[in-house]
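Colleague:
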Amino acid sequence: MKKRRPLVAGNWKMNYTAAEAAAVVQQLLRAVAMREDVDVVLCPSFLSLWRVHDVLKGERVQLGAQDVFWAASGAFTGSVSATMLAEAGVSYCVVGHSETRGRFGKLEVPENAVGYFAETDETVRLKIEALLGHGIAPILCVGETLAEREAGQTDEVIAAQLRGALAGFDEAELAGLVIAYEPVWAIGTGKVCEVDEAERVCATLRHELEAMLGEELAERTRVLYGGSVKPDNARALFDQPNIDGGLVGGASLKADDFSKVIAAANA
Ligand code: 13P
1 MKKRRPLVAG
11 NWKMNYTAAE
21 AAAVVQQLLR
31 AVAMREDVDV
41 VLCPSFLSLW
51 RVHDVLKGER
61 VQLGAQDVFW
71 AASGAFTGSV
81 SATMLAEAGV
91 SYCVVGHSET
101 RGRFGKLEVP
111 ENAVGYFAET
121 DETVRLKIEA
131 LLGHGIAPIL
141 CVGETLAERE
151 AGQTDEVIAA
161 QLRGALAGFD
171 EAELAGLVIA
181 YEPVWAIGTG
191 KVCEVDEAER
201 VCATLRHELE
211 AMLGEELAER
221 TRVLYGGSVK
231 PDNARALFDQ
241 PNIDGGLVGG
251 ASLKADDFSK
261 VIAAANA
């Protein structure tokens, strides 16, 4: 029996028009028997939020966004605020994804680069603050690159990302926080992190949370694994004591695959 209620979130990234998204959500709702004891979240593109929100009315699946800008309003061309997300019925929002972090501080996007949008630990922190102000639960992503893993820096990198993003918040403010461990080298590559190693890193994140914000928050916070989660590996990952579900990219795009991943969290 898990200590925490499992959560499975589908990050659709830049896939599907609003019409396509609505159709896939309808297929998903037909394919899966949603259970009371698992939270399911779908994160479509900004432009699909309202449409998906309408399809999800009265259903047990919750709506998530993939990013947010931290200011309440103003001259920030192209950005979307937490107020706007809350109005569209968003309950969760991904922040600090390796695709939005600006790991190398470069503006060009070389092939195979990560970090397109120059997000930093400080801007991730500001985004979390904006979300909490609107009752939206942040899904904070952390994870190391292959070079950082090979240099033996994994634990240090994820701890620094966690500390930077959560600096200054207290335990009560972070009650709804969700963390996602997403090793950058495992995202969209089909290379899943070994189950034991994913569990070890998720446990390390929980210890880090405990050191920062106390045992109660650390025990309550859901820590997800993300990176090539598929129907055939989800069960083994979700069975781990410190892995409370998944943040799923590619396998969340097809109703059939995603319903199997959700079923793996029902165990
Ligand atoms: P994949 O499941 O496609 O590897 O993507 C993981 C991810 O980045 C989810 O946010």
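Everything in the sequence shown is counted per our numbering, starting at 1 for the first residue and increasing by one.
Glycine included, C-beta positions come from ideal geometry on N, C-alpha and C.
In this text, all values refer to a predicted model and were calculated from it rather than measured experimentally.
Rounded to a whole number of angstroms, what is the C-alpha to C-alpha distance between Leu-177 and Val-157?
Modeller: Approximately 20 angstroms, taken between the alpha carbons.
Colleague: Do you know offhand how far Lys-57's Cα is from Glu-148's?
Modeller: Roughly 43 angstroms between the two C-alpha positions.
Colleague: Can you tell me whether Pro-241 is buried or exposed? The criterion is at least 16 other CB atoms within 10 Å of its CB, across all chains shown.
Modeller: Under this definition Pro-241 is an exposed residue.
Colleague: If you follow the beta strand (DSSP E) that Cys-43 is in, where does it begin and where does it stop?
Modeller: Run containing Cys-43: 39-43, per the beta strand (DSSP E) assignment.
Colleague: Just verifying my parser: in three-state terms, what is the DSSP assignment at Ile-139?
Modeller: Of the three classes helix, strand and coil, the one that applies to Ile-139 here is strand, per DSSP.
Colleague: Expressed to the nearest angstrom, what Euclidean distance is found between the alpha-carbon atoms of Ile-136 and Leu-166?
Modeller: Each residue's Cα considered, the two are about 15 angstroms apart.
Colleague: Based on Cα-Cα distance, which residue from Leu-132, Ile-139, Met-14 lies nearest to Gly-168?
Modeller: Taking only the C-alpha atoms, the option nearest Gly-168 is Leu-132.
Colleague: Just to check my reading of the structure: Lys-13 and Gln-62 have Cβ atoms closer than 8 angstroms, yes? What is that Cβ distance to the nearest angstrom?
Modeller: About 18 angstroms separates the two Cβ atoms, so there is no contact after all.
Colleague: Just curious, the beta strand (DSSP E) that Arg-222 is in, first and last residue?
Modeller: Counting along the chain, the beta strand (DSSP E) containing Arg-222 begins and ends at 222-226.
Colleague: Give the single residue among Arg-35, Val-52, Asp-239 whose Cα lies nearest to the Cα of Leu-42.
Modeller: Checked all of Arg-35, Val-52, Asp-239; the closest Cα to Leu-42 is Val-52.
Colleague: Where does Gln-153 sit, in a helix, a strand or coil, going by DSSP?
Modeller: Coil, per DSSP.
Colleague: Let me check one thing: in DSSP terms, what residues is Gln-62 bridge-paired to?
Modeller: DSSP lists Val-41 as partners of Gln-62.
Colleague: What's the C-alpha gap between Gly-89 and Ala-151?
Modeller: Straight-line Cα distance between these residues: approximately 42 angstroms.
Colleague: Using the Cα positions of Val-80 and Val-201, report the straight-line distance between them to the nearest angstrom.
Modeller: Taking the straight line from one Cα to the other gives about 32 angstroms.
Colleague: Considering only C-alpha positions, which residue in the set Asn-15, Thr-204, Thr-120 is nearest to Asp-196?
Modeller: Closest by alpha carbon: Thr-204.
Colleague: For Ala-255 versus Leu-28, is the C-beta distance shorter than 8 angstroms?
Modeller: Yes.
Colleague: Could you give the DSSP three-state label for Ile-187: helix, strand or coil?
Modeller: DSSP places Ile-187 in coil when its eight states are reduced to three.
Colleague: Could you pull the start and end residues of the beta strand (DSSP E) that Val-296 belongs to?
Modeller: Residue 296 is absent from the model: the chain starts at 1 and stops at 267.
Colleague: Taking just the CA atoms, how far does Ala-72 sit from Glu-87?
Modeller: Distance between the alpha carbons of Glu-87 and Ala-72 is about 13 angstroms.
Colleague: Would you mind working out which of Phe-238, Thr-120, Arg-5, Ser-98 sits nearest Arg-163, comparing C-alpha positions?
Modeller: Of the listed residues, the one whose Cα sits closest to Arg-163 is Thr-120.
Colleague: May I ask you to report which of helix, strand or coil DSSP gives Arg-163?
Modeller: Looking at Arg-163 - three-state DSSP - the assignment turns out to be helix.
Colleague: Report yes or no: do three or more beta-carbon pairs, one from the stretch 13-25 and one from the stretch 226-243, lie closer than 8 angstroms?
Modeller: No, the stretch 13-25 is not in contact with the stretch 226-243.
Colleague: With distances taken from CA atoms, which of Val-24, Leu-85, Arg-220, Ala-175 is nearest Gly-64?
Modeller: Comparing Cα-Cα distances from Gly-64 to each of Val-24, Leu-85, Arg-220, Ala-175, the minimum goes to Leu-85.
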